[in-house]
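Protein sequence lines, in the order shown, are assigned to chains A and B.
Offset between the first sequence (1-based) and the numbering used here: plus 3.
Offset between the second sequence (1-based) and the numbering used here: plus 3.
For each residue, glycine too, the CB sits at the ideal point set by N, CA and C.
Scroll down for the structure; my scribbles are underneath it.
Number of protein chains: 2
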Amino acid sequence: MAEVVITPRAKDYAQWYQDVIAAAELAEPANVVRGCMVVRPHGWAIWEKIQSELDRRFKETGHQNAAFPLLIPLSFLQKEAQHATGFAMECAVVTHAGLKTVDGKIELKNELEEPYVVRPTSETIIGHFFAKWIDSYRDLPLLLNQWCNVMRWELRTRLFLRTGEFWWQEGHTAHASHAEAEEEVARMLDIYRDVYHDVLAVPVIRGAKTANERFAGALETYCVEAMMQDGKALQGATSHDLGQNFGKAFNITFQNKEGVRDFVWQTSWGASTRMIGALIMAHSDDNGLVLPPKLAPIHVAIVPIYKKDDERVRVLEVAQKLAGELRDDGLTVKVDDREGMKPGAKYYEWERKGVPLRIEVGPRDVDAGTVVAKLRACDDQKKVLPMATLGVEVGKLLDFLQKALFERALAFRAANTVQVDSWADFVEIFKDEKTTKFVYAHWDGTGETEQAIKEATKATIRCLPLSGEGPAPEAGKCVRTGNPSARRVLFAKNY
Amino acid sequence: MAEVVITPRAKDYAQWYQDVIAAAELAEPANVVRGCMVVRPHGWAIWEKIQSELDRRFKETGHQNAAFPLLIPLSFLQKEAQHATGFAMECAVVTHAGLKTVDGKIELKNELEEPYVVRPTSETIIGHFFAKWIDSYRDLPLLLNQWCNVMRWELRTRLFLRTGEFWWQEGHTAHASHAEAEEEVARMLDIYRDVYHDVLAVPVIRGAKTANERFAGALETYCVEAMMQDGKALQGATSHDLGQNFGKAFNITFQNKEGVRDFVWQTSWGASTRMIGALIMAHSDDNGLVLPPKLAPIHVAIVPIYKKDDERVRVLEVAQKLAGELRDDGLTVKVDDREGMKPGAKYYEWERKGVPLRIEVGPRDVDAGTVVAKLRACDDQKKVLPMATLGVEVGKLLDFLQKALFERALAFRAANTVQVDSWADFVEIFKDEKTTKFVYAHWDGTGETEQAIKEATKATIRCLPLSGEGPAPEAGKCVRTGNPSARRVLFAKNY
């Protein structure tokens, strides 16, 4: 394949993003399937690691996986009015089953009595089954999750960030009280925060969405918002308090401890392959992909350096031995023994693919019992490491990188976050087309003001930060209208 | 939920199968989505274990996972003629995107220029991308796999065995020579065999399909065939030698070492949630599900036995301690401390769900430092085990069960397999509607004879056994026509 040249971030951020994905062979547009993508092995391996980290936490908190149908009867969509409105335009619709050949051409055969939509999300079909399975408070809480593909026919698509088909998990739970459902919503939001912080090394702000930005059919939507390197916000995952809306739409009732029938209280929460987009835009650089070690499909690339054949044998033997030792420590190690390729070209390739640590071994290293190591990011210095304690040293370097990436992203966010109190300053900040900031400003709480600010600046309210996030609560005046405001909210341009 | 009564196998085998699935809460028909199913948590947990066992073996043999689009342009299906014919009638078709509300009712909005089919399998769409990615022999072999849902609009459906939507893995590989592709086909068939034998504890026979039963578009289809408890055969997985058929249809070429362009040689291979059906029908009994320990979501259920409150405290404390020790050994353990439920009812529930080992702990056991253990199958005796060495003893019992299930299934198959040389005997054996056998008989190799035998007896050729499978090769005369035959083939009624 032709080599991909990576456009520098400063020149064209959007193009840089695409180039990083192409150069690391993470994914590509499907083209022949409108708005959809193919996730290639290196991209899917990252997704498998994200899945495993989330799945473990879901199971530790008592959730079980299940699988519900891909297709949803069209009539189901109508049962919850807001939900139907919210998703109607985005649905792919199955109208026929079976094909026939007419004059050598394939044509549609049997039209279905009722069309199905390809699930854009599964609240409706899962609601139908919850109604069958739940009868008493003893059946609650019901804590399910599914890993699957969903489809939303989007007009403007972008690899990982917004594609027609994407892969995600959707948790769906039913509870006996609103308080329990609210606890669940917060618990799952915290799990997303933990995975962003501890695994993706991407700092996020937890908050509530405004009414305009809520999930269609929810009482409240909570989110985690991350800053990308262009200062824009990316919504990283959502957790919804569905109240009794779907319970009423699908007649999901239970007999409570007092013997009275009531509708269940539900939640749903999801995170998708979009997380890979967040990962790329938070850490990568003009040399390509940067991965936190916890998500790297390959942790260490060992590049042997030699000129003569006898050197090659000696060096490769040591490289394989070191690789074996590191593998025993649980690391994934690639010994790059490709012939006819210069070490520099190999360095460049592993760099583009985001391998956290590169180790070089040459004849002199073998004699000295050392190797040369270089981290992919956060530290430009090459290090000479003794072979005897390589496992320990590599472990330290990978731990360092995992933490340093988070600290770097946190510092970047801090440097690009401001509190703004005047409308003039607000407008000025969001004028810049290339870089933008997170702005904490007062808002009067009305949808009209929210809309007016969006139209004037393209900045939207990303969230009403939860307690402990963003600046300490203090009353003030709305940056746009001057009306009273209880606390600052987070404004940003967004993906 | 109402308790499910399990119909005995001898009374109605098909009903027994459904009852076992319902009683163990593995899955249920979706009903509102024609022919589709919901896989419930206990069923999905078994699937996750099967996935993990297969996935590890795929990765160890150099395969990588990726994800290709759910939807396939209708025109792609037409490019390989046999493939199109084979799958046309089974395709669900997406014709519209977007819905609108007309007089409060949802209606379809935008008709697509070209319809898409929901993938029944992915050779065509993957062929399209292989053509983009493969240019030289250096790009080969390309060894990919995807875990996904597929859809085939079947007329008669049955949970796990044949459903509209099902979950599977499909491997797709491209090679520089036919010999390499043939090796891959055999390698993957052997992996399926290994997982059936070592994990599902279900013996299988590897063989080639007849031309009539080949995958649409393949040169050869190989399969593993398992015997169910009614003597019928179940096709457990398939591995296809696609030759250059898809290479030619999708123009997938490479430059070989000699600088000449040639079409790639491809394989595909798949195993699905059908494996759960095989598992159920091979091992389960009139008391419900029986699981080999390697696939059991819960290995051990500990049931505390007590009458008074102080007994309860003592017994539960010990039960939890023992559970902790077993968990440290890597086992999944459930301490069934539910109140208001008698031990017998608990035994019955874990039995229905197929938990391999039940442990009872009462006050006297606590005093004596022992527990009572009972295996789910293959051994009716209750055993008194010392707490001090419980981990070791439990490990032995689970190992015993894993092996004993395989041996039992192997013995059952041996007892129900015959060699038949006369047409009268052949007809007689397949007359019985309730139980049936595996029959090794000579066949003249023609499709006409194969069809005539099927029409007369409902028995089909399950496979032409590979070397080492079934009776030793010996020449003979076709059981139907008397024409010469090089070796016996496997006949059976099938799922």
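Which of helix, strand or coil does DSSP assign to residue i?
| i | result |
| --- | --- |
| phenylalanine 253(A) | coil |
| valine 23(B) | helix |
| glutamate 410(A) | helix |
| leucine 334(B) | coil |
| asparagine 34(A) | coil |
| tryptophan 150(A) | strand |
| glutamate 6(A) | coil |
| histidine 243(B) | strand |
| serine 125(B) | coil |
| glutamine 405(A) | helix |
| histidine 66(B) | coil |
| glycine 485(A) | coil |
| tryptophan 446(A) | coil |
| glutamine 454(B) | helix |
| glutamine 359(B) | Just to set this straight, residue 359(B) is proline in the shown sequence, not glutamine. DSSP places proline 359(B) in coil when its eight states are reduced to three. |
Would you say the beta carbon of residue i comes nearer than 6 Å to a heavy atom of the ligand GDP?
| i | result |
| --- | --- |
| histidine 175(B) | Although the ligand GDP was asked about, the structure shown includes no ligands whatsoever. |
Cβ of residue i within 7 Å of Cβ of residue j?
| i | j | result |
| --- | --- | --- |
| glutamate 168(A) | leucine 325(B) | no |
| asparagine 497(B) | lysine 311(B) | no |
| glycine 291(A) | glutamate 354(A) | yes |
| phenylalanine 266(B) | histidine 243(B) | no |
| proline 11(A) | aspartate 402(A) | no |
| leucine 237(A) | alanine 274(A) | no |
| arginine 379(A) | alanine 304(A) | no |
| leucine 77(A) | glutamate 117(A) | yes |
| tryptophan 47(A) | alanine 177(B) | no |
| alanine 30(A) | isoleucine 24(A) | yes |
| alanine 252(A) | glutamate 431(A) | no |
| leucine 164(A) | arginine 277(A) | yes |
| lysine 480(B) | leucine 298(B) | no |
| tryptophan 272(B) | methionine 344(B) | no |
| proline 295(A) | leucine 162(A) | no |
| glycine 357(B) | valine 263(B) | no |
| glycine 239(A) | valine 202(A) | no |
| alanine 444(A) | arginine 490(A) | no |
Any idea which residues DSSP pairs residue i with across the strands?
| i | result |
| --- | --- |
| threonine 420(A) | Phe441(A) |
| glutamine 3(B) | Because chain B in this structure spans residues 4 to 498, residue 3(B) falls outside the shown range and cannot be described. |
| glutamine 258(B) | Ser139(B), Arg264(B) |
| aspartate 201(B) | Answer by DSSP bridge pairing: none, since aspartate 201(B) is not bridged. |
| isoleucine 49(A) | Bridge partners of isoleucine 49(A): none, in fact. |
| lysine 496(B) | Partner(s): none; lysine 496(B) has no beta bridge. |
| asparagine 290(A) | Paired residue(s): none; asparagine 290(A) is not in a bridge. |
| cysteine 466(B) | Leu493(B) |
If you count every other CB in all the chains shown that lies within 10 Å of the CB of residue i, and 16 or more means buried, which is it?
| i | result |
| --- | --- |
| arginine 209(B) | buried |
| glycine 65(A) | exposed |
| lysine 434(A) | exposed |
| glutamine 81(A) | buried |
| serine 425(A) | exposed |
| glycine 2(B) | No answer is possible for residue 2(B): it lies beyond the span of chain B, which begins at 4 and ends at 498. |
| glycine 471(A) | exposed |
| methionine 4(A) | Note on methionine 4(A): pLDDT 47, under 50, position unreliable in the model; no value is reported. |
| aspartate 106(B) | exposed |
| glutamate 126(A) | buried |
| glutamate 451(A) | exposed |
| glycine 38(A) | buried |
Quick one: which chain B residues come within Cβ less than 9 Å of residue i?
| i | result |
| --- | --- |
| lysine 103(A) | Ala91, Met92 |
How would you list, in chain order, the residues of chain B whose beta-carbon sits under 8 Å from the beta-carbon of residue i?
| i | result |
| --- | --- |
| tryptophan 353(A) | Going along chain B, no residue has its Cβ under 8 Å from tryptophan 353(A), so there is no contact; the nearest lies around 17 Å. |
| proline 123(A) | Within 8 Å Cβ-Cβ: nothing; proline 123(A) doesn't reach chain B, min ~11 Å. |
| tyrosine 309(A) | Under the 8 Å cutoff, chain B gives no residues; its nearest Cβ is about 21 Å from tyrosine 309(A). |
| phenylalanine 218(A) | Residues of chain B passing the Cβ test: none, with the nearest at roughly 18 Å. |
Please compile the residues from chain A whose C-beta is within a distance smaller than 9 Å of the C-beta of residue i.
| i | result |
| --- | --- |
| tryptophan 156(B) | Ala100, Gly101, Asn113 |
| tyrosine 119(B) | Val36, Arg37, Ala95 |
For residue i, return the contacting residues in chain B, with the cut-off set at a CB-CB distance below 7 Å.
| i | result |
| --- | --- |
| valine 42(A) | Ala69, Ala70 |
| isoleucine 109(A) | Leu77, Leu80, Gln81, Ala87, Ala91 |
Along chain A, in chain order, which residues have C-beta atoms closer than 8 Å to that of residue i?
| i | result |
| --- | --- |
| tyrosine 16(B) | Under the 8 Å cutoff, chain A gives no residues; its nearest Cβ is about 26 Å from tyrosine 16(B). |
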